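Numbering (my numbering), first residue to last: 15 to 243.
Read through the structure below, which is laid out as structure tokens, and then see the notes.
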Amino acid sequence: MAIIEKSLQAIRKRIAQAAVNSGRVAESVRLLAVSKTWPAGALREAYAAGQTAFGESYLQEALEKITALADLPLEWHFIGPIQSNKTRPIAENFAWVHSVDRVKIAERLALARPETLPPLNICLQVNVSGEDSKSGVAPKDVAMLARVIAGLSRLKLRGLMTIPRPTDGIAQQRAQFQVLRRLLDELNAQGLGLDTLSMGMSDDLEAAIMEGATIVRVGSAIFGNRKKT
Ligand SMILES: *Cc1c(COP(=O)(O)O)cnc(C)c1O
């Protein structure tokens, strides 16, 4: 069996096990295959093994793969930092954007989203660990940003995303994911009707699923270790 197919099976098993351990059904967690730095051929192999949703962080690289794989019914998620002069190609080529952290970016995505496409699914990126270097809105500013974005047409606010500070130990991992889950609960208590927690990667997906992740974003555990650039 090809390596990517084998890795995908192993990840699906980890997801299903973590879901069952937390009293959830496996189908309540979607797997987003993070394919940044990997060539189109690797994605084709993952598709042949049943994977249809792919996450990309670098726009130029993503657009090349979207073109090369246009013959496949893939769902593209943008998960990287967004420059405001790059919002149009993102709005035109992706089904989801996980990394929105300011109003200006959301407004530009809304204006550029073609009428011929369904609304662009949006997650707000939240900086749960309070690291200065990291992008993402501070927890205290989430509610205001969410209310503004929920009111923009051509966008559909789905939920929250985070990239926590790497920590060892499942308790520390869960503590950071719990911050995101509580924020989502608060927004829903205000009636926003959000259904998505995008959290958990190769090394911490179990902790994320225990805290309610609905999308896990997994790269290296599927495709292998990325080369350092
Ligand atoms: C690269 C990346 C991932 C995947 O990380 P792995 O540790 O390789 O699974 C997930 N989310 C984001 C935003 C990323 O940039």
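Glycine is no exception: its CB is placed at the ideal position from the N, C-alpha and C atoms.
This structure is a prediction, so every number in the text was calculated from the model and none was measured.
For residue 55, which option in 111, 221, 113 and 79 has the closest C-alpha, if you only look at C-alpha atoms?
79
Quick check: what's the CA-CA separation for residue 203 versus residue 58?
41 Å
Relative to ligand 1, is the shortest distance from any of its heavy atoms to the C-beta of residue 21 smaller than 7 Å?
no
With a threshold of 6 Å on Cβ separation, who are the neighbours of residue 132 within its own chain once the five nearest residues in sequence on each side are excluded?
none
Counting along the chain, where does the beta strand (DSSP E) carrying residue 47 start and finish?
44-48
Compute the minimum distance between the beta carbon of residue 118 and the heavy atoms of ligand 1, and state whether it is under 7 Å.
no
Inter-stretch contact (C-beta, 8 Å, three-pair minimum) for the segment 87-103 and the segment 150-166:
no
Tell me which same chain residues have a C-beta within less than 6 Å of the C-beta of residue 76, skipping the five on either side of it?
70
What are the complete alpha helix (DSSP H) segments, minimum 4 residues, inside the segment 86-155?
101-107 and 117-126
What does a CB cutoff of less than 7 Å around residue 216 pick up in its chain, not counting 5 residues either side in sequence?
232, 233, 234 and 235
Quick check on the burial criterion: 16 or more other C-beta atoms within 10 angstroms. Buried or exposed for residue 97?
exposed
Chain-ordered residues, beta carbon under 5 Å from a heavy atom of ligand 1:
48, 71, 93, 215, 216, 231, 232, 233 and 234
Would you mind reading off the limits of the alpha helix (DSSP H) that contains residue 20?
17-35
Hey, could you find the ends of the alpha helix (DSSP H) residue 80 is sitting in?
73-82
For residue 175, which residues does DSSP report across the bridge?
139 and 212
Can the beta-carbon of residue 120 be found less than 8 Å from the beta-carbon of residue 169?
yes
How big is the Cα-Cα spacing for residue 40 and residue 145?
32 Å
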